[in-house]
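In this note's numbering, the protein residues as written are 257 to 539. Notes follow the structure.
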């Protein structure tokens, strides 16, 4: 997608937040870069979609010296010092995919709101995988959830997600599609499709040690990116002024620190395999 269509920041502070978020994912997945078999199995040609700072691609390339890893993004914010088997390309994946060779693993993390047609992206991934190759999608969805009634219906924490859904719909780039990813993979022709659900507490409210630690990182992830994530959406598509967004964020930050609010961000990891033989209907 062209940079003018992108509604989220790509500056230095956002790069720092993306690296922080990478650690949040590692904590969520018990230190693993993903859940599909290709995380541990040998790979040949790997694409990291929306690579951002390139941190996932670099770590995967280090773990898989046998693989050629291609990180793709709209912005050239990746480091120059990278493993010899890792390269970065500036490309718009909403345009026609023109790769000369297929991949055996395509990885996509937190691309919610980045594609006008997520189903088409999944189909493009399928078409550019070799038989037996895997697609893995890691993402979060909105609105922020709560199971015990401690999230007031009129609070900014809840409204932020609902308003972001509304703004993203107007932008033509939905941010609440992660619950549909499994269906998208099934429809595209993937087999052995697996969906795993996780939760990112908004702060350290959980008693469980693991979830409390997740909450600490999750709070930092939200807090560090709040204005950047909401400013473009709310001013471009909801008609808010920048000052109105900042006042909203200030109120939301106060609630994010409130451990009596037991809220969390729903998180999804979905992966599937392209069959070794195309079904007759797709051949």
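Even glycine gets a Cβ: it sits at the ideal position worked out from N, Cα and C. These numbers were taken from a predicted model, which means no experiment stands behind them.
What are the boundary residues of the alpha helix (DSSP H) that residue i is part of?
i           : result
residue 437 : 437-444
residue 311 : 311-319
residue 281 : 268-284
residue 499 : 498-512
Quick one: grab the DSSP three-state call for residue i.
i           : result
residue 454 : strand
residue 367 : coil
residue 257 : Only weak support is given to the placement of residue 257: the predicted model assigns it a pLDDT of 40, under 50, and the value that follows is read from those uncertain coordinates. DSSP places residue 257 in coil when its eight states are reduced to three.
residue 332 : coil
residue 398 : coil
residue 476 : helix
residue 529 : strand
residue 448 : strand
residue 517 : coil
residue 338 : coil
residue 417 : helix
residue 376 : helix
residue 289 : coil
residue 468 : helix
residue 492 : helix
residue 430 : coil
residue 262 : Any reading at residue 262 is ruled out, since the residue's pLDDT is 47, under 50, leaving its predicted position unreliable.
residue 297 : coil
residue 486 : helix
residue 481 : helix
residue 352 : coil
residue 460 : coil
residue 534 : coil
Expressed to the nearest angstrom, what Euclidean distance is found between the alpha-carbon atoms of residue i and residue j?
i           : j           : result
residue 305 : residue 402 : 31 Å
residue 318 : residue 447 : 29 Å
residue 532 : residue 413 : 45 Å
residue 298 : residue 334 : 25 Å
residue 534 : residue 282 : 34 Å
residue 276 : residue 323 : 25 Å
residue 463 : residue 456 : 14 Å
residue 432 : residue 340 : 37 Å
residue 351 : residue 302 : 19 Å
residue 505 : residue 482 : 7 Å
residue 478 : residue 493 : 21 Å
residue 336 : residue 515 : 41 Å
residue 269 : residue 480 : 8 Å
residue 321 : residue 411 : 48 Å
residue 529 : residue 377 : 15 Å
residue 312 : residue 296 : 14 Å
residue 517 : residue 507 : 14 Å
residue 416 : residue 398 : 9 Å
residue 523 : residue 454 : 5 Å
residue 409 : residue 357 : 50 Å
residue 476 : residue 328 : 26 Å
residue 436 : residue 383 : 19 Å
residue 407 : residue 450 : 30 Å
Taking the DSSP output, what are the residues bridged to residue i?
i           : result
residue 303 : 326, 362
residue 423 : Partner(s): none; residue 423 has no beta bridge.
residue 390 : 361, 529
residue 385 : 359
residue 523 : 396, 454
Can you tell me where the beta strand (DSSP E) with residue i in it begins and where it stops?
i           : result
residue 346 : 342-346
How about residue i and residue j: are their beta carbons less than 8 Å apart?
i           : j           : result
residue 459 : residue 512 : yes
residue 361 : residue 389 : yes
residue 443 : residue 291 : no
residue 385 : residue 359 : yes
residue 392 : residue 364 : yes
residue 326 : residue 343 : yes
residue 421 : residue 520 : no
residue 396 : residue 526 : no
residue 425 : residue 489 : no
residue 485 : residue 498 : no
residue 271 : residue 307 : no
residue 274 : residue 316 : no
residue 279 : residue 473 : yes
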